[in-house]
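Notes follow once the structure below has been shown.
Following this line, the structure appears as structure tokens:
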């Protein structure tokens, strides 16, 4: 008989205990499924401002539509919209639609445009002009469902379908609840057009979407740099919009700004020479608009790759009978007045052409005339021809200004004598001076009035040239691009308010401004009598004569060289006109003789002059009475 082996018995008992432990602690199939669902939910967790219950690319790439476990997890997250998450197209992919001027890439995820390329334009460094690229634009609808889920379309997957409508490409993107129930984006792109039709509608979703909660369309956008000077481009980058049946307005040009408007019909995310717009036939009942100046926080090193401004729009959607139906348009193209006005949607107001008479002059005189000239002339030559035409048009006004200055010069000795005679009686001196002006047919204001009449033209052109799309990319002499600065030298450092380069046209304009002001303002200042208690106009004009060229030199160093070219040519012509008028047209002896004839002739006082004389006499009597 073998000896009893206690060690073997103990070992067998331990092995049996381990087997029993494994058998009784192994999870049931139901427990395994619950754990897998919890794991999938953890992968799916992507927090967003409106929801933490969204389907993500990682989930749909790892779960087959036929996998009942994955379908269950998706149903827990998205409810009725889980149907789209299990379709074969529930993956991140793009569909391309294009014509001869515009190419768009539309993503399955979110159903929105993720790339917009203008095919006929390049940036300052010769790459294509992208208005949308690398996530700078987010287009989203946030909404609630009847089973208390908060969803965002930008996180959900749409099913694309590409077709034709005649020569037009049509892309429909559907976020499906079932084959016959969906939210649809419809894009239709016409040939040769920057404007595309965009439809937003739902079908059969009244039972799914909670229309008692707000539905909002949100469009976030960052302006991509396109120009050589990002600061100059940013100056003309601005959010403009139309609301309340035709009124237009804009957010702040500098810094951050926001606004809430009713009945918004279009908005333009303007990036100086290019625009991204959303237009609607059915006005948005409420629009929250926001603009953030990104350059104010950028360092000098950041400026090479920085965005200009960040825009946000939060638009209230209004379902009817539980369904959405909005006919809209999108525009991705040049900020060109000639193109925008063709749409007959008041889009010309999206451009910075000035208000009132300034905008009127630009729209109906300057833009048509310059467009005519650039139709057959290079842009630089067109600027010169337009400048000559404007100066000739204003030459009668300038002639009157110079004649008035000549009269004041002739009268200066007599005015000085009156000032000396009545130096202790300011009221009497003023009365006699005005009487002299009246008899001679002269007035100090007569020299200022023609200058004031030229201000509308001056300001209209000041707003026109920076916005003239015809100048973009056009060269002239040493200027490579008349819509940007004409750099002739690069500085190794940056001068505040001036920049890190030297532009030549502003220097030439500053020199000609100095000499033209010396011929006009300088002479006028010497002829102006200094009244007691009044500032010395001579000194003020002398300061302006030196300050204005410095302002031109610093302020315009980063401006469009086309604008500086205009001022240079304009001042050259002004100098020429002044010299011709003074040498060949105005004869001071003849002017003096005419003044003497007017002084000798009896002059009938008008009602206004008579009233002014009476007022001055009463004032003098009151002063004498007080003196007694």
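In full-length UniProt numbering, the protein residues as written are 1 to 628.
Beta carbons: idealized from backbone N, C-alpha and C, even for Gly.
{"Check": "Three-pair Cβ contact test at 8 Å for the segment 306-322 versus the segment 333-344", "Outcome": "no"}
{"Check": "Among 493, 505 and 470, nearest to residue 121 - alpha-carbon criterion", "Outcome": "470"}
{"Check": "Burial state of residue 558, where buried means 16 or more other Cβ atoms lie within 10 Å", "Outcome": "buried"}
{"Check": "Beta-bridge partners of residue 502, as assigned by DSSP", "Outcome": "489"}
{"Check": "8 Å contact criterion, which residue 112 and residue 176 should meet: CB distance rounded", "Outcome": "Rounded, the Cβ-Cβ distance is 17 Å, inconsistent with contact."}
{"Check": "Contact under 8 Å by Cβ, residue 110 with residue 139", "Outcome": "yes"}
{"Check": "Cβ distance (whole Å) where residue 485 is taken to contact residue 467 below 8 Å", "Outcome": "Contact flag wrong, Cβ pair sits at about 16 Å."}
{"Check": "Proximity of residue 306 and residue 366 at Cβ, strictly below 8 Å", "Outcome": "no"}
{"Check": "Residue 42, DSSP secondary structure in three states", "Outcome": "With a pLDDT of 41 at residue 42, under the threshold of 50, the modelled position of that residue is not reliable, and the figure given next carries that caveat. Reduced to three states, the DSSP call for residue 42 is helix."}
{"Check": "Start-to-end residues for the alpha helix (DSSP H) that takes in residue 567", "Outcome": "561-580"}
{"Check": "Selection from 404, 457 and 326 that minimises the alpha carbon distance to residue 359", "Outcome": "457"}
{"Check": "Validate contact between the segment 131-138 and the segment 195-202 using beta carbons, cut 8 Å, 3 pairs", "Outcome": "no"}
{"Check": "Closest by C-alpha distance to residue 146, when choosing among 118, 209 and 182", "Outcome": "209"}
{"Check": "Burial state of residue 98 (16 or more Cβ within 10 Å)", "Outcome": "exposed"}
{"Check": "Separation of residue 178 from residue 353, as counted between CA atoms", "Outcome": "50 Å"}
{"Check": "Sub-8 Å separation of residue 490 and residue 481 beta-carbons", "Outcome": "no"}
{"Check": "Pairwise C-alpha distance: residue 136 and residue 361", "Outcome": "36 Å"}
{"Check": "As assigned by DSSP and simplified to three states, the class of residue 483", "Outcome": "coil"}
{"Check": "The alpha helix (DSSP H) enclosing residue 367, as first and last residue numbers", "Outcome": "367-374"}
{"Check": "Meets three-Cβ-pair contact criterion under 8 Å: the segment 156-169 and the segment 493-510", "Outcome": "no"}
{"Check": "N-terminal and C-terminal residue of the beta strand (DSSP E) that residue 150 is part of", "Outcome": "150-152"}
{"Check": "Host beta strand (DSSP E) of residue 341 (start-end)", "Outcome": "Looking at the DSSP string, residue 341 is not in any beta strand (DSSP E); the run it does join, the alpha helix (DSSP H), is 337-341."}
{"Check": "Where the alpha helix (DSSP H) containing residue 235 begins and where it ends", "Outcome": "230-235"}
{"Check": "Residue from 553, 166 and 561 with nearest C-alpha to residue 478", "Outcome": "561"}
{"Check": "Of the residues 554, 357 and 384, the one placed nearest residue 369, counting alpha carbons only", "Outcome": "384"}
{"Check": "Of the residues 94, 381, 223 and 246, the one placed nearest residue 172, counting alpha carbons only", "Outcome": "94"}
{"Check": "Supposed contact pair residue 326 and residue 282 - C-beta distance, whole angstroms, cut 8 Å", "Outcome": "6 Å"}
{"Check": "Top-ranked residue by Cα proximity to residue 377, from 476, 356, 253 and 272", "Outcome": "476"}
{"Check": "Distance between residue 573 and residue 216 (C-alpha atoms, nearest Å)", "Outcome": "57 Å"}
{"Check": "Proximal residues to residue 223 (C-beta, below 6 Å), its chain only, five neighbours per side dropped", "Outcome": "237, 271, 307, 308 and 309"}
{"Check": "Element boundaries [beta strand (DSSP E), containing residue 84]", "Outcome": "From DSSP, residue 84 is part of no beta strand (DSSP E) but of the alpha helix (DSSP H) over 82-85."}
{"Check": "Nearest residue (CA-CA) to residue 275, options 221, 127 and 577", "Outcome": "221"}
{"Check": "Check whether residue 261 and residue 289 have beta carbons under 8 Å apart", "Outcome": "yes"}
{"Check": "Residue 249 versus 267, 397, 255 and 233, residue with shortest Cα-Cα distance", "Outcome": "267"}
{"Check": "Check whether residue 565 and residue 371 have beta carbons under 8 Å apart", "Outcome": "no"}
{"Check": "Through-space distance from residue 187 to residue 163, alpha-carbon basis", "Outcome": "10 Å"}
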